[in-house]
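Quick note: the sequence shown uses the working numbering, first residue 691, plus one each step. Quick reminder that beta carbons are idealized off the backbone N, C-alpha and C, glycines included. Input: a single structure, listed below in structure tokens.
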Amino acid sequence: MNLGPDEAYHKAQDLLARRNHFSTELRQKLKVRGFAATDIDSAIDRLTEYGYLDDLNNGRQLAANYLWQKGYGRLMIAQRLRRKGLSAALVQQITAELFAGVSATELEKLFSRLSRKARGDIYTYLYRRGFLPEEIESFVTRYREGYFEG
């Protein structure tokens, strides 16, 4: 079997047809399948050029899902995105955009889901979900002052 740049490109297309991938994930999958590094680079470049592979857009979608569906905070989302192979600069950009003005609202949403018992240990709960200590302190202060119903 001849494994060249066109075959790498078509295999990458097949993988992307199943689900979105980040370039690092795609690169690893193609490497495992025996493609040469130069052929993989060529395939990744073509897919990026044609708009089929977009780490920034995929990262934004995944980060939004982590926030709104799973209730993760900034640190947890950043950690998950880094595990997917995104650069620190890209992760910073994505999380900064996502958390511009939504952290307090999300904390309130998460807090309202908790049982009364769990609310007693809110700081630990939110910290483990990846929220920054200053975000948690701000939220707890607002809650104690009665700024919203919990």
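With burial defined as no fewer than 16 other Cβ atoms inside 10 Å of the residue's Cβ, what is the status of tyrosine 699: buried or exposed?
-> Counted from its first residue, the sequence shown places residue 699 at position 9. Label assigned to tyrosine 699: buried.
Nonlocal neighbours in the same chain, by C-beta distance under 8 Å from proline 823, ignoring five residues either side = Within the sequence shown, the letter at position 133 stands for residue 823. Correct list, in chain order: Tyr817.
Distance, threonine 738 Cα to arginine 764 Cα = Position 74 of the sequence shown, counting from 1, holds the residue named residue 764. Position 48 of the sequence shown, counting from 1, holds the residue named residue 738. Going from the Cα of arginine 764 to the Cα of threonine 738 covers about 27 Å.
Roughly how many angstroms separate the alpha carbons of alanine 778 and alanine 707, rounded to a whole number?
-> Here residue 778 refers to the residue found at position 88 of the sequence shown. Here residue 707 refers to the residue found at position 17 of the sequence shown. Those two C-alpha atoms are separated by around 27 Å.
Any idea if threonine 785 is buried or exposed, counting beta-carbon neighbours within 10 angstroms, 16 or more meaning buried?
-> Counted from its first residue, the sequence shown places residue 785 at position 95. Threonine 785 comes out buried.
Can you tell me which of the three DSSP states aspartate 731 falls into?
-> Taking the first residue of the sequence shown as position 1, residue 731 is located at position 41. Residue state, collapsed to three classes: helix.
Helix, strand or coil for glycine 840, going by three-state DSSP, please let me know.
-> Walking along the sequence shown from the start, residue 840 turns up at place 150. With a pLDDT of only 46 at glycine 840, under the threshold of 50, the placement of this residue in the model should not be trusted; the figure read from the coordinates follows. In the structure shown, glycine 840 sits in coil (DSSP, three-state: anything other than H, G, I, E or B).
Beta-carbon separation (whole angstroms), aspartate 729 vs glycine 694, contact threshold 8 Å = In the sequence shown, the residue the question calls residue 729 occupies position 39. In the sequence shown, the residue the question calls residue 694 occupies position 4. Their Cβ separation, rounded to whole angstroms, is 6 Å, which keeps aspartate 729 and glycine 694 in contact under 8 Å.
Using 10 angstroms around the beta-carbon of lysine 799, count the other beta-carbons present and answer buried if the total reaches 16, otherwise exposed.
-> Taking the sequence shown and counting its residues from 1, one reaches residue 799 at position 109. When all chains shown are included, lysine 799 counts as exposed.
Among Arg709, Val792, Glu697, the one whose alpha carbon lies nearest that of aspartate 731 | As a first step, residue 731 must be located in the sequence shown, where it is residue number 41. Closest option to aspartate 731, Cα to Cα, is Glu697.
Start-to-end residues for the alpha helix (DSSP H) that takes in leucine 693 | Within the sequence shown, residue 693 is the residue found at index 3, counting from 1. No alpha helix (DSSP H) holds leucine 693; DSSP gives it neither H nor E.
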